[in-house]
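Q: Using my numbering, read the sequence shown as starting at 1394 and increasing by one per residue.
Encoded as structure tokens, here's the structure I'll be asking about.
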Amino acid sequence: MFGLFKKKIKDAVDKLSGKIEEETKPVNESEAVEDVFQEENEEEHTPKDVELGRESSCDELRSEEGKRDRGVETLKEEEKREEVKKEGFLSKFTKPIMSKTLSPEFLDDVLWDLELVLLENNVAQDVSQKIVDDIKEKLADQSVRKSQAEKIIKDVMKSTILEILDQKKVDIDSAIDSARSEGRALLILFLGFNGSGKTTTMAKTGKYLLDKGHTCVFAAADSFRAAAIEQLEFHGNKLSIKVIKQKYGTDPAAIIFDAVKHANSRGINVVLADTAGRVHTDRNLVEELKKIVRVNKPDLKFLVIESIAGNDVVEQAKVFDEVGLDGVVLTKVDVDDKGGSALSLCYTLRKPICFICTGQEYSDFEEFDARKMVDGIF
Ligand SMILES: Nc1nc2c(ncn2[C@@H]2O[C@H](COP(=O)(O)OP(=O)(O)OP(=O)(O)O)[C@@H](O)[C@H]2O)c(=O)[nH]1
Ligand SMILES: [Mg+2]
């Protein structure tokens, strides 16, 4: 998952920190002295010191003779450590500290490579630009030490990407509870482009909700594509989830209306409604979707979108957002080497990615964790 993206980002970070390292120069003496004191303080309580302390307190429990011998040994060890510490301390005055002040011009030059990597990996142009601008703003005029260049670049990139991905989460459990308190089922609508994985994702969501102890029904509101109802019934049978259906050609808004009525009269917690795949450029199908929403007022509308759709995700998402999306489910992440779609979607829609699908099995479904994704990339 996102293998190529990870590699390219790593290469870009290496190149960027490499260029900074190449350009580092010795800083003035007073700064160097300050740095040394700071480092000495940081070194003051190393785990090794703590270990040594623990060792000597254990000795107290041993025989008196052993205690004396060990006491002498510990003293010698401490003297030796002090000597080494002093030598190290002095050598730092003779070895100048290398650092580079990152001017905006220098950053412009070196961040170009990073922008290219983002563009090549399906990160939309305005999103790539925003990431690079943010990184530039955070790093400009900072003095970066040679040894810290890579860590600083990585930390800044991680926080910038995390800010984009970390949108306010959808809490399905609370939404179910609040619908229940009103004596009704929660209605979740799955919509998206042809073949994006809507029906499979809805089945996975059904399994996820059953595992959490909720009850569900499926609404077979794709009454358009041949075999769509049978496909949903296959999942319904496997998962023991009832499918509310009507004949092909029936108005999908009416099918969902029926399913909600069925669920409300039986105290079922959630109605999961499948819809026909639509091409975002087909206005009639988009209007049909708006009708479904107008009639049934779904609590949650999830856009199911392929991670591999590339730059097209942004245009698709914008059109589907005309009905007011609540979140995104990103599918086929298992076959996506690039990984930029998630960034483009979050930035464009300002909506959360709720789940990611990583295969065709019901279990290939997980709650999206922005921090996990960022940690995985870096
Ligand atoms: N590798 C992989 N395949 C997936 C994933 N999700 C769905 N698929 C496959 O994608 C294909 C299309 O899935 P569907 O669930 O039928 O997609 P759909 O959006 O309902 O399709 P339409 O109803 O025709 O618009 C099927 O072969 C699924 O098994 C996923 O996360 N990873
Ligand atoms: Mg389908």
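Note that the Cβ used here is the ideal one computed from N, Cα and C, for glycine as well.
None of these values were measured; they are calculated from a predicted model.
(1) So for R1538, helix, strand or coil by DSSP?
(2) How big is the Cα-Cα spacing for Q1541 and K1523?
(3) Are the segment 1563 to 1570 and the segment 1728 to 1743 in contact at 8 angstroms, needing three or more beta carbon pairs?
(4) What would DSSP say about L1718, mapped onto helix, strand or coil?
(5) Please determine whether the Cβ atom of S1589 lies at a distance below 8 angstroms from any heavy atom of ligand 1.
(6) C1750 to L1555, Cα distance in whole Å?
(7) Can you round the beta-carbon distance between P1745 and K1562 to whole angstroms, since I take them to be within the 8 angstroms contact cut?
(8) Looking only at its chain, what residues have a beta carbon closer than 7 angstroms to the beta carbon of Y1601, apart from the 5 residues adjacent to it on each side?
(9) Measuring alpha carbon to alpha carbon, tell me which of N1515, I1413 and A1578 ends up nearest P1497.
(10) Specify the secondary structure class of D1757 as computed by DSSP and reduced to three states.
(11) Just checking, does the segment 1710 to 1729 make contact with the segment 1520 to 1540 on the three C-beta pairs under 8 angstroms criterion?
(12) Which residues bound the alpha helix (DSSP H) around S1571?
(13) Would the beta-carbon of E1715 fall within 9 angstroms of that of K1683?
(14) Rounding to the nearest angstrom, what Cα-Cα distance links D1534 and G1769 in this structure?
(15) What alpha helix (DSSP H) runs, 4 residues minimum, are completely inside the segment 1592 to 1680?
A: Taking the definition as stated:
(1) As a working note, residue 1538 is residue 145 in the sequence shown. If DSSP states are grouped into helix, strand and coil, R1538 belongs with the strands.
(2) Indexing the sequence shown from 1 puts residue 1541 at position 148. Indexing the sequence shown from 1 puts residue 1523 at position 130. Looking at the two C-alpha atoms, the distance is approximately 24 angstroms.
(3) The segment 1563 to 1570 is not in contact with the segment 1728 to 1743.
(4) Along the sequence shown, one-based indexing puts residue 1718 at 325. Note: L1718 maps to coil in three-state DSSP.
(5) Here residue 1589 corresponds to residue number 196 of the sequence shown, with the count starting at 1. The answer is yes for S1589.
(6) Walking along the sequence shown from the start, residue 1750 turns up at place 357. Walking along the sequence shown from the start, residue 1555 turns up at place 162. The alpha-carbon atoms of C1750 and L1555 are separated by roughly 20 angstroms.
(7) Walking along the sequence shown from the start, residue 1745 turns up at place 352. Walking along the sequence shown from the start, residue 1562 turns up at place 169. About 6 angstroms; that satisfies the 8 angstroms criterion.
(8) Within the sequence shown, residue 1601 is the residue found at index 208, counting from 1. So the list reads F1758, once near-sequence residues are dropped.
(9) Here the question's residue 1497 lines up with position 104 in the sequence shown. Of the residues N1515, I1413 and A1578, the one whose Cα lies closest to the Cα of P1497 is I1413.
(10) Counting from 1 along the sequence shown, the entry for residue 1757 is found at position 364. If DSSP states are grouped into helix, strand and coil, D1757 belongs with coil.
(11) The way I'd put it, the segment 1710 to 1729 doesn't touch the segment 1520 to 1540; fewer than three beta-carbon pairs between them come closer than 8 angstroms.
(12) Sequence index remark: in the sequence shown, residue 1571 carries index 178 (1-based). S1571: member of the alpha helix (DSSP H) spanning I1565 to S1574, first to last residue.
(13) Walking along the sequence shown from the start, residue 1715 turns up at place 322. Walking along the sequence shown from the start, residue 1683 turns up at place 290. Here E1715 is near K1683, since their CB atoms are less than 9 angstroms apart.
(14) If you number the sequence shown from 1, residue 1534 lands on position 141. If you number the sequence shown from 1, residue 1769 lands on position 376. Taking C-alpha positions only, D1534 is separated from G1769 by approximately 29 angstroms.
(15) Runs of the alpha helix (DSSP H) inside the segment 1592 to 1680: 1621 to 1632 and 1645 to 1659.
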